[in-house]
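Engineer:
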Amino acid sequence: MSADIENKTGTTTRPAPSSTTPEPGRPRQPARGPSRYRALLRGRNRPVWEEDPNPLGLLVKGAALLLIVATVVYPLYTVVLTSLSTQADITRSGGLVTVPGGLTFAAYEQILSGGIVTRATIVSIGITVVGTVLSTTVSVLAAYGLSRPGSFAHRPILFVFLITMFFGAGMIPTYLLVSNLGLIDSYWSLILPGAVSAFNVLILRAFFMGIDRSITDAARIDGAGDWRILGQIVLPMSKAVVAVVALFYGVGYWNAFFNAMLYINDNAKWPLQLVLRSYVLQGVTLPGSGVGQVDVADGAVTGLPVKMAVMVLAIVPILVVYPLVQRHFTKGVIFGAIKG
Amino acid sequence: MTATSSPPGAPSRRRIPWTVRARRDRSLLIMVAPAVLLLAVFAYVPMLGNVVAWQDYSPYVGIRESPFIGWANFARVLTNPLFLDAVANTLVITAVQLVFFFPVPIVLALLLNSVLSPGLRTTIQSIVYLPHFFSWVIVVTIFQQIFGGAGMVATRLREAGYSGFDLMTNPDTFLLLLTAQSVWKDAGWGIIIFLAALATVDPQLYEASVVDGAGRWRRMWHVTLPALRPVIILLLILRLGDALTVGFEQLILQRGAVGTDVAEVLDTFVYYQGVVNGDWAFAAAAGLVKGLVSLALVLGANKLAHLVGEAGVYQRA
Chain U
1 MSADIENKTG TTTRPAPSST TPEPGRPRQP ARGPSRYRAL LRGRNRPVWE
51 EDPNPLGLLV KGAALLLIVA TVVYPLYTVV LTSLSTQADI TRSGGLVTVP
101 GGLTFAAYEQ ILSGGIVTRA TIVSIGITVV GTVLSTTVSV LAAYGLSRPG
151 SFAHRPILFV FLITMFFGAG MIPTYLLVSN LGLIDSYWSL ILPGAVSAFN
201 VLILRAFFMG IDRSITDAAR IDGAGDWRIL GQIVLPMSKA VVAVVALFYG
251 VGYWNAFFNA MLYINDNAKW PLQLVLRSYV LQGVTLPGSG VGQVDVADGA
301 VTGLPVKMAV MVLAIVPILV VYPLVQRHFT KGVIFGAIKG
Chain C
341 MTATSSPPGA PSRRRIPWTV RARRDRSLLI MVAPAVLLLA VFAYVPMLGN
391 VVAWQDYSPY VGIRESPFIG WANFARVLTN PLFLDAVANT LVITAVQLVF
441 FFPVPIVLAL LLNSVLSPGL RTTIQSIVYL PHFFSWVIVV TIFQQIFGGA
491 GMVATRLREA GYSGFDLMTN PDTFLLLLTA QSVWKDAGWG IIIFLAALAT
541 VDPQLYEASV VDGAGRWRRM WHVTLPALRP VIILLLILRL GDALTVGFEQ
591 LILQRGAVGT DVAEVLDTFV YYQGVVNGDW AFAAAAGLVK GLVSLALVLG
641 ANKLAHLVGE AGVYQRA
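Sequence lines, in order, name chains U and C. Start counting the first sequence at 1; every next residue gets the next number (our numbering). Start counting the second sequence at 341; every next residue gets the next number (our numbering).
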């Protein structure tokens, strides 16, 4: 693998030359040899000091990147394709379908027309929405409340958060507590125990503390209280990091299955991930569910497309939300990770 | 600066009585209250609930009525061969992941950082981050569909005349499978922090080293890798502190298929002994041992980092 390392900032902060006029500070290389070929090979983002790329290195690097991207994309492609395939294609391929043949939405109609998958999807959506709103709100408030060193009891309260990052109570006492609170088989057992993540609070806090003090001070002089400063100044300036933290919470709620395994005994209340685990991963036939009967039913849809459709159902919300938040990652995550 | 003209939280706090400061900061205290309350109930009360580890606990009698029996549960835990197996499995998995998972994001970050086109780099980044946001159920199911007994690879092999291929139930290759799953899910996400560290390198360092005659590899060795060192050490510390925690959800999903010989780790041990078998006090003792050793590991690793002159996770502020 060729590992010529260029620097990111050195290349991205400069605008790409749009005309032939050399930019100040970035004189053009005197063209030697077949200059057009060289220019093509160098690309327009290569800094002046960097040597010309080695064609073989470029090739190896390109192949490596292609392989990495394919490793991520290919399984998703084949899962989605299988969920849309007819039985004939699945039989022909002997499992996951890789070459598109006849496409059908029958599997989706099957799982979304009532039955346990439909119910589980609704449960998952409900838990995710309620949980994310609750967690994000509570965390933003806490982060702002902790963002001013020197305020009353600032240090002890901060420690209350920090300690939970280093020492967890453990599964058994937590289970006993949830059970004693009567939350077994309650959806709140899937939300409350993990509602506050100290890590996320610290990410938010680090960001809030980075906001220029003079801005909030100016607002204070104009008579704004802390609630108003948070709502009208700090939050609008922190949309990116709040979005990232909300995504972390949301993905956490959506993906969780073990808490439901612990706390939800009634499988009519199972969230989607647990249904996915039992029906798709372990191959259990769920009693009384629309899905369970599919295996033995005649007709176009049998096990595999339905299983893959449940998978897609569990992936789609992430694919929908992810692009909206993804561009904020570096800003939100790194800021917290480095300063927190 | 007087108390009246200073903004809340100004350095003059020493002179103000605490009642005045509490009143002044009451909005902040109210804001923190819900989170503190949630942590108090769901993090701190269970910490106290660990007393069951010293009890002959019975759920029908409850924590208050169950008799205390001293260290008997801990003695049972530490002499239990299954517990020791779980410890061994956990440490082996941690070691394998440290060797085969840990370096992958660094290499990926270096590779990606060498992609000059910003558009292409952003696209690749978006794609490789994505699996981090899939649940373990999805990841394991994808692996099952590809490498399992009825999966894609097994089908092709059967067509070619080889039967019996099933990575999902093979204890011998389980470590490999676990690591591959972790790499697929999280290696891409792991590069984000390295890329950020790489972005902070002053380009002049590269220019200067080129002027001094450094080639690609020397620049990587003398400029790029030193820039990554604090991050690498930070992550190593975090990983060491987490040495006893190995992908609980990932393992509990596969423990049944591959067997407890290789897939029983500390967390799954606690779950099965406590929640499944109902030996609550025993499981709580095992969990507590794990929690305390982990705490010691984090603190120790951080101390180590300070000794070798790195910042570590936290500092005395």
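Using N, Cα and C, we set each Cβ at its ideal position, and we do this for glycine too. Small disclaimer: the values here were computed from a predicted structure and weren't measured.
Let's see if you can read the secondary structure: which residues bound the alpha helix (DSSP H) around U/R148?
Structural biologist: It is not in any alpha helix (DSSP H) - U/R148 carries neither H nor E in the DSSP assignment.
Engineer: Any beta carbon from chain C within less than 9 Å of U/L286's own beta carbon?
Structural biologist: Because U/L286 sits at a pLDDT of 48, beneath the cut-off of 50, its placement in the model cannot be relied upon, and the point is left open.
Engineer: What residues from the stretch 122–149 of chain U come within 7 Å of chain C, judged by C-beta to C-beta, listed N to C?
Structural biologist: Against chain C - using a Cβ distance shorter than 7 Å - the residues of the stretch 122–149 of chain U are V138, S139, L141, A142, Y144, G145, L146, R148, P149.
Engineer: Output yes or no for whether 9 Å exceeds the beta carbon distance between U/I184 and C/V392.
Structural biologist: No, the Cβ-Cβ distance between U/I184 and C/V392 is not below 9 Å.
Engineer: Report yes or no: do the stretch 516–529 of chain C and the stretch 467–482 of chain C share at least 3 C-beta pairs separated by less than 8 Å?
Structural biologist: Short answer: they touch.
Engineer: List the DSSP bridge partners of U/L103.
Structural biologist: Bridge partners of U/L103: U/S85.
Engineer: Given that C/P445 touches chain U, what residues does it touch there, using C-beta distances under 9 Å?
Structural biologist: Near C/P445 there are no residues of chain U at all, since even the closest Cβ is about 12 Å away, more than 9 Å.
Engineer: Confirm, please, whether the CB-CB distance from C/L584 to C/T419 is below 9 Å.
Structural biologist: Not in contact: C/T419 and C/L584 (Cβ atoms no closer than 9 Å).
Engineer: Between C/V605 and chain U, is there a C-beta pair that is closer than 9 Å?
Structural biologist: Cβ-Cβ to chain U under 9 Å: no for C/V605.
Engineer: Give me, in chain order, the residues of the same chain whose beta-carbon lies closer than 7 Å to that of U/M237; leave out the 5 immediate sequence neighbours on both sides.
Structural biologist: So the list reads I211, once near-sequence residues are dropped.
Engineer: With respect to the alpha helix (DSSP H) encompassing C/F487, which residues constitute its N-terminal and C-terminal limits?
Structural biologist: Start and end: 476–487.
Engineer: Starting from the beta carbon of C/L379, find every residue of chain U whose beta carbon is closer than 8 Å, and list them in chain order.
Structural biologist: Within chain U, the residues near C/L379 are V160, F161, T164, V196, A198.
Engineer: Inspect the beta-carbon positions of U/Y253 and U/G168 and report whether they are closer than 9 Å.
Structural biologist: Taking 9 Å as the Cβ cut-off, U/Y253 and U/G168 do not qualify as a contacting pair.
Engineer: Based on the DSSP output, what are the partners of C/Q395 in its beta bridges?
Structural biologist: C/F408.
Engineer: Measuring only the C-alpha atoms, how far is C/W358 from U/A153?
Structural biologist: Each residue's alpha carbon lies about 9 Å from the other.
Engineer: Check distances from the C-beta atoms of the stretch 258–284 of chain U to those of chain C and list, in chain order, the residues that come in under 7 Å.
Structural biologist: The residues in question are F258, L262, Q273, L276, R277, V280, L281.
Engineer: Relative to chain U, which residues along the stretch 609–643 of chain C have a C-beta separation below 7 Å, given in chain order?
Structural biologist: Going along the stretch 609–643 of chain C in chain order, one finds V610, Y611, G614, V615, W620, A623, A624, G627, L628, G631, L635, V638 with a Cβ nearer than 7 Å to chain U.
Engineer: To the nearest angstrom, report how far apart U/V201 and U/G94 are at their CA atoms.
Structural biologist: Cα to Cα, U/V201 sits roughly 48 Å from U/G94.
Engineer: Are the CB atoms of C/K630 and U/G194 nearer to each other than 9 Å?
Structural biologist: No, they are not a contact pair.
Engineer: For a cutoff of 9 Å on Cβ pairs, would you count U/D185 as touching chain C?
Structural biologist: Closer than 9 Å: no.
Engineer: If you count every other CB in all the chains shown that lies within 10 Å of the CB of U/Y74, and 16 or more means buried, which is it?
Structural biologist: Flag for U/Y74 reads exposed.
Engineer: Where do the N-terminal and C-terminal ends of the alpha helix (DSSP H) with C/H562 fall, by residue?
Structural biologist: Looking at the DSSP string, C/H562 is not in any alpha helix (DSSP H), and its letter there is neither H nor E.
Engineer: Output yes if chain U places a C-beta closer than 9 Å to the C-beta of C/W394; else output no.
Structural biologist: So no, C/W394 is outside the interface.
Engineer: How many Å lie between U/L192 and C/A380 at the Cα?
Structural biologist: Cα to Cα, U/L192 sits roughly 12 Å from C/A380.
Engineer: So U/G231 contacts chain C; which residues on that side make the cut at Cβ distance below 7 Å?
Structural biologist: Neighbours of U/G231 on chain C: none; closest Cβ ~11 Å, over 7 Å.
Engineer: Using three-state DSSP, classify C/L516 as helix, strand or coil.
Structural biologist: Helix, per DSSP.
Engineer: Starting from C/E499, trace the alpha helix (DSSP H) both ways and give me its first and last residue.
Structural biologist: Start and end: 492–499.
Engineer: If you run the structure through DSSP and keep just helix, strand and coil, what is C/D506?
Structural biologist: Here C/D506 sits in coil by DSSP.
Engineer: Relative to the C-alpha of U/F248, which residue among U/K307, U/L76, U/Y322 is closest?
Structural biologist: Nearest of U/K307, U/L76, U/Y322 to U/F248, Cα basis: U/Y322.
Engineer: Going along the chain, which residues of its own chain have a beta-carbon closer than 7 Å to the beta-carbon of U/L162, five neighbours each way excluded?
Structural biologist: Cβ neighbours of U/L162 beyond the five flanking positions: A198.
Engineer: So, does the CB of C/T481 fall closer than 9 Å to a CB anywhere in chain U?
Structural biologist: So, interface residue.
Engineer: What does a CB cutoff of less than 8 Å around C/A332 pick up in its chain, not counting 5 residues either side in sequence?
Structural biologist: The displayed coordinates of chain C run from 341 to 657. Any statement about residue 332 of chain C would go beyond what the structure contains.
Engineer: Could you work out which residues of chain C lie near U/L316, taking near to mean beta carbons separated by less than 8 Å?
Structural biologist: The question names Leu, yet the displayed sequence has Val at residue 316 of chain U. Within 8 Å Cβ-Cβ: nothing; U/V316 doesn't reach chain C, min ~11 Å.
Engineer: In whole angstroms, what separates the C-alpha of U/A3 from that of C/L450?
Structural biologist: Here U/A3 scores only 40 on pLDDT, less than 50, and its place in the model should not be relied on; the value that follows carries that caveat. In a straight line, the C-alpha of U/A3 is about 7 Å away from that of C/L450.
Engineer: Within the 9 Å Cβ cut-off, does C/T495 reach chain U?
Structural biologist: By this cut-off, C/T495 is an interface position.
Engineer: Using C-beta distances below 6 Å, list every residue in its chain close to U/A309, excluding the 5 sequence neighbours before and after it, in chain order.
Structural biologist: Closer than 6 Å at the Cβ level, and outside the excluded window around U/A309, lie S83, A107, Y108, I111.
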